[in-house]
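Single-structure report; data block below.
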């Protein structure tokens with residue numbers, strides 16, 4: 001039986017698309033298979049925007065990088081990279097492949113790490129936004145003590161930065177406060193609400209602001225907030241309106257929990273925390289931690305929802321499941337429970 005006929009029997013849908021589809025299918029079958037070194041070259045070129053720099057990063061020659069990209073384009077049967085006097089850019093197909101390439105290389109690196117030495121070792125790469133990192137620090141310390149053989153990487157920073165690293169497979173998951181707007185979340189992620197924490201406002205002990213009873217008494221203070229202007233607006237606009245204030249005070253954004261705690265002890269400064277944050281940080285910075293106190297205001301401040309954000313293709317390893325389970329158990333402490341039926345949301 002002729003080869004084309006055999007293909008038509010195995011894949012009858014190809015017959016209705018015409019002879020060219022059968023030829024393309026046969027050509028793909030005979031193409032050079034995709035290889036790991038080609039993906040490494042492709043990601044290096046994408047990150048450095050230069051074949052020469054990619055070669056330097058990979059410790060290979062520039063012709064070797066060019067050959068790897070050419071073979072990858074032959075495999076994909078389309079152009080992935082454009083070289084010009086302005087540098088190297090990816091085509092739309094190249095951008096689409098880049099995320100897949102990062103994911104494949106991430107899993108290869110993880111397998112190499114886990115099976116190096118005497119046996120497999122689990123690894124978790126975790127991102128924490130500033131408010132969350134201050135709140136869950138004791139839980140992470142406890143997790144490390146309970147799982148001494150689990151290697152992990154912990155990165156902090158803004159949601160935007162951490163979500164970018166999550167998208168690029170640098171991180172497994174991010175634990176973050178729920179963004180005020182969908183734009184801050186980005187697309188292509190799943191968001192699992194874990195628990196809600198009360199909002200706590202603090203001032204320096206002995207500061208006249210200690211006597212504040214309403215948000216209206218705090219409009220002249222310097223506010224310290226760990227997140228974006230959109231989040232600040234989303235979180236406080238309704239509460240300030242309830243207090244009769246329709247213009248939010250200016251605030252200083254600080255993404256370092258240690259610097260934030262130190263600044264929180266300055267006079268005429270109001271700092272926003274989650275319910276656990278100031279208590280959690282005291283063992284690390286005793287003096288600043290003991291020099292701030294919480295405010296009791298008549299306005300009800302919105303609670304903070306803490307979420308686990310991850311890619312839909314994330315492999316939920318036992319270590320990741322244990323970590324999420326330990327964070328979920330925070331709700332058994334003096335906090336607000338989201339309940340067992342909290343939904344996992346897909347964004348984009």
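Residue numbers (full-length UniProt numbering): 1 to 348. Heads up, the beta-carbon is just placed ideally off N, CA and C, and yes, glycines get one too.
Since residue 170 and residue 125 are thought to touch, with beta carbons under 8 Å apart, how far apart are those beta carbons, to the nearest angstrom?
Position 170 of the chain shown holds residue 170. Position 125 of the chain shown holds residue 125. Yes, they are in contact, since the Cβ atoms of residue 170 and residue 125 sit about 7 Å apart, within 8 Å.
Relative to the alpha-carbon of residue 49, which residue among 95, 71 and 34 has its alpha-carbon at the smallest distance?
For the purposes of this step, residue 49 is taken as residue 49 along the chain shown, with counting starting at 1. Distance from the Cα of residue 49 is smallest, within the candidate group 95, 71 and 34, for 95.
Return the first residue and the last residue of the beta strand (DSSP E) that residue 34 is part of.
Numbered from its first residue, the chain shown carries residue 34 at position 34. Looking at the DSSP string, residue 34 is not in any beta strand (DSSP E), and its letter there is neither H nor E.
If residue 205 sits next to residue 293, beta carbons under 8 Å apart, how far is it from one beta carbon to the other, in whole angstroms?
As a working mapping, residue 205 is identified with position 205 in the chain shown. As a working mapping, residue 293 is identified with position 293 in the chain shown. Contact holds; Cβ gap of about 5 Å.
Using CA atoms only, rank isn't needed, just tell me which of 132, 104, 34 and 248 is closest to residue 162.
Walking along the chain shown from the start, residue 162 turns up at place 162. Comparing Cα positions, the closest option is 132.
Taking all protein chains shown into account, decide if residue 101 is buried (16 or more other Cβ within 10 angstroms of its Cβ) or exposed.
On the chain shown, residue 101 is found 101 positions in, with the first residue counted as 1. Buried: at least 16 other Cβ atoms inside 10 Å.
Helix, strand or coil: how does DSSP classify residue 329 here?
Reading the chain shown from its first residue, position 329 is the one you call residue 329. It is helical.
Rounded to whole angstroms, what is the Cα-Cα separation between residue 88 and residue 45?
Against the chain shown, residue 88 aligns to sequence position 88. Against the chain shown, residue 45 aligns to sequence position 45. Each residue's alpha carbon lies about 7 Å from the other.
Using a Cβ-Cβ cutoff of less than 8 Å, which residues in the same chain neighbour residue 33 once the five nearest sequence positions on both sides are dropped?
Residue mapping note: residue 33 aligns to position 33 of the chain shown, counting from 1. Excluding positions up to five away in sequence, the list reads 75.
Since residue 271 contacts residue 264 with CB under 8 Å, what's their CB separation in whole angstroms?
Walking along the chain shown from the start, residue 271 turns up at place 271. Walking along the chain shown from the start, residue 264 turns up at place 264. That pair is a contact at about 4 Å.
In whole angstroms, what separates the C-alpha of residue 195 from that of residue 68?
On the chain shown, position 195 is the one that residue 195 refers to. On the chain shown, position 68 is the one that residue 68 refers to. Rounded to the nearest angstrom, the gap between the Cα atoms of residue 195 and residue 68 is 47 Å.
Compare the Cα-Cα distances from residue 250 to each of 240, 148 and 150 and report the closest residue.
If you number the chain shown from 1, residue 250 lands on position 250. Here the closest residue by C-alpha is 240.
Going by DSSP in three states, residue 84 sits in which element: helix, strand or coil?
Taking the first residue of the chain shown as position 1, residue 84 is located at position 84. Residue 84 falls in the strand class under three-state DSSP.
Helix, strand or coil for residue 23 per DSSP?
As a working note, residue 23 is residue 23 in the chain shown. The predicted model places residue 23 with a pLDDT of 41, which falls under 50 and marks its position as unreliable; any figure quoted below should be read in that light. It is helical.
Out of curiosity, what's the CA-to-CA distance linking residue 128 and residue 70?
Position 128 of the chain shown holds residue 128. Position 70 of the chain shown holds residue 70. Their backbone Cα atoms lie some 39 Å apart in a straight line.
Tell me, which residues are paired with residue 125 by DSSP?
For this step, residue 125 is matched to residue 125 along the chain shown. In the DSSP output, where bridge partners are listed per residue, residue 125 has 153.
If you follow the alpha helix (DSSP H) that residue 315 is part of, which residue opens it and which one closes it?
Reading the chain shown from its first residue, position 315 is the one you call residue 315. DSSP places residue 315 outside any alpha helix (DSSP H), giving it a letter other than H or E.
If you measure between the beta carbons of residue 199 and residue 303, is that distance less than 8 Å?
To locate residue 199, count along the chain shown from 1; it is residue 199. To locate residue 303, count along the chain shown from 1; it is residue 303. Closer than 8 Å, so yes.
State buried or exposed for residue 252, treating a residue as buried only when at least 16 other CB atoms are found within 10 Å of its CB.
If you number the chain shown from 1, residue 252 lands on position 252. With fewer than 16 Cβ atoms within 10 Å of its Cβ, residue 252 is classed as exposed.
Going along the chain, which residues of its own chain have a beta-carbon closer than 8 Å to the beta-carbon of residue 297, five neighbours each way excluded?
Looking up residue 297 in the chain shown gives position 297. Hits under 8 Å: 201, 212, 213, 214 and 215.
Using 10 angstroms around the beta-carbon of residue 341, count the other beta-carbons present and answer buried if the total reaches 16, otherwise exposed.
Stepping through the chain shown from its first residue, residue 341 is reached at position 341. For residue 341, the predicted structure reports a pLDDT of 44, less than 50, and the residue's modelled location is therefore unreliable. The matter cannot be settled from this model.
Short of 8 Å in beta carbon distance, which residues of its chain neighbour residue 260, apart from the five on each side in sequence? Order them along the chain.
Residue numbering aside, residue 260 sits at position 260 when the chain shown is read from its first letter. Result list for residue 260: 130, 134, 224, 226, 254 and 271, in chain order.
Which value, in whole angstroms, describes the spacing of the CA atoms of residue 137 and residue 152?
Counting from 1 along the chain shown, the entry for residue 137 is found at position 137. Counting from 1 along the chain shown, the entry for residue 152 is found at position 152. The alpha-carbon atoms of residue 137 and residue 152 are separated by roughly 14 Å.
Report the three-state DSSP secondary structure of residue 212 (helix, strand or coil).
The sequence position of residue 212 within the chain shown is 212, counting from 1. Note: residue 212 maps to coil in three-state DSSP.
Pull up the distance between the alpha-carbon of residue 266 and that of residue 209, whole angstroms please.
What you label residue 266 is simply residue 266 of the chain shown in a count that begins at 1. What you label residue 209 is simply residue 209 of the chain shown in a count that begins at 1. Each residue's alpha carbon lies about 11 Å from the other.
Identify every residue that forms a DSSP beta bridge with residue 308.
What you label residue 308 is simply residue 308 of the chain shown in a count that begins at 1. For residue 308, which the question treats as bridged, DSSP gives the partners 175 and 192.
Whole angstroms are fine: how far does the CA of residue 324 sit from the CA of residue 318?
Locating residue 318 in the chain shown gives position 318, where the first residue counts as 1. Locating residue 324 in the chain shown gives position 324, where the first residue counts as 1. Cα to Cα, residue 318 sits roughly 10 Å from residue 324.
Along the alpha helix (DSSP H) that carries residue 238, what are the first and last residues, could you check?
For the purposes of this step, residue 238 is taken as the residue at position 238 of the chain shown. Counting along the chain, the alpha helix (DSSP H) containing residue 238 begins and ends at 229–242.
Pick helix, strand or coil for residue 62, following the three-state DSSP scheme.
The residue given as residue 62 occupies position 62 in the chain shown. Here residue 62 sits in helix by DSSP.
Contact check, residue 122 vs residue 150 under 8 Å by CB: the rounded distance?
Taking the chain shown and counting its residues from 1, one reaches residue 122 at position 122. Taking the chain shown and counting its residues from 1, one reaches residue 150 at position 150. Cβ atoms of residue 122 and residue 150 come within 8 Å of each other, at about 5 Å.
Can you list, in chain order, the residues of its chain whose CB lies under 7 Å from that of residue 36, leaving out five sequence neighbours each side?
Residue numbering aside, residue 36 sits at position 36 when the chain shown is read from its first letter. Excluding the 5 residues flanking it on each side, residue 36 has same chain C-beta neighbours closer than 7 Å at 108, in chain order.
Quick check on the burial criterion: 16 or more other C-beta atoms within 10 angstroms. Buried or exposed for residue 159?
As a working note, residue 159 is residue 159 in the chain shown. The residue in question, residue 159, is buried, as its Cβ has 16 or more Cβ neighbours within 10 Å.
When DSSP builds the beta bridges, which residues end up paired with residue 292?
As a first step, residue 292 must be located in the chain shown, where it is residue number 292. 204, per the DSSP bridge assignment.
Do residue 142 and residue 321 have their C-beta atoms closer together than 8 Å?
For the purposes of this step, residue 142 is identified with residue 142 of the chain shown, where counting begins at 1. For the purposes of this step, residue 321 is identified with residue 321 of the chain shown, where counting begins at 1. No, they are not a contact pair.
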